[in-house]
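Residue numbers (this note's numbering): 30 to 178. For each residue, glycine too, the CB sits at the ideal point set by N, CA and C. Computed from a predicted structure; not experimentally measured. Structure first, then comments.
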């Protein structure tokens with residue numbers, strides 16, 4: 030709210046994140062209902078793709094920003110044409126590394142603690158027996174193709 034005091038959420042989450050066509054249709058409905066819409070945060074691997082398709086269809090890629098969780102190979106054409114501004118995802122190699130690192134760490138007799146450093150991935154937070162490592166992969170038009178998945 031400090032940086033964007035006029036930013037408002039116009040609706041609840043819509044259950045369309047894993048179906049491209051449902052996400053496309055929901056985005057078209059949002060565009061119609063909110064003509065001043067400036068951005069869409071889409072979850073699930075298909076939500077951003079469907080939203081980007083709706084922007085392509087309406088010629089609004091330069092007016093509405095879509096960001097969300099995507100597979101780089103699927104997002105590439107939308108990133109290149111600007112209908113998808115940015116994507117994010119866990120890098121599968123990093124996820125695998127983190128799990129193996131943690132298993133070895135525990136097998137070596139170490140304890141999991143809040144703020145512990147996971148080599149190569151950064152600090153982890155521990156809350157209610159859930160360990161979180163926030164090392165999301167940023168996916169852009171410049172790197173999506175080179176990621177290989």
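Nearest to residue 178 by C-alpha distance, out of 81, 100, 85, is 100.
Contact check for residue 69 and residue 62: beta-carbon distance about 13 angstroms, past the 8 angstroms limit, so the pair fails to qualify.
In the structure shown, the three-state DSSP call for residue 58 is helix. The alpha-carbon of residue 135 is positioned some 14 angstroms away from that of residue 158. Using a C-beta cut-off of 8 angstroms, the segment 142–159 makes no contact with the segment 84–92, since fewer than three inter-stretch Cβ pairs fall below that distance. Shown here, residue 152 sits in a strand according to DSSP, grouped into three states.
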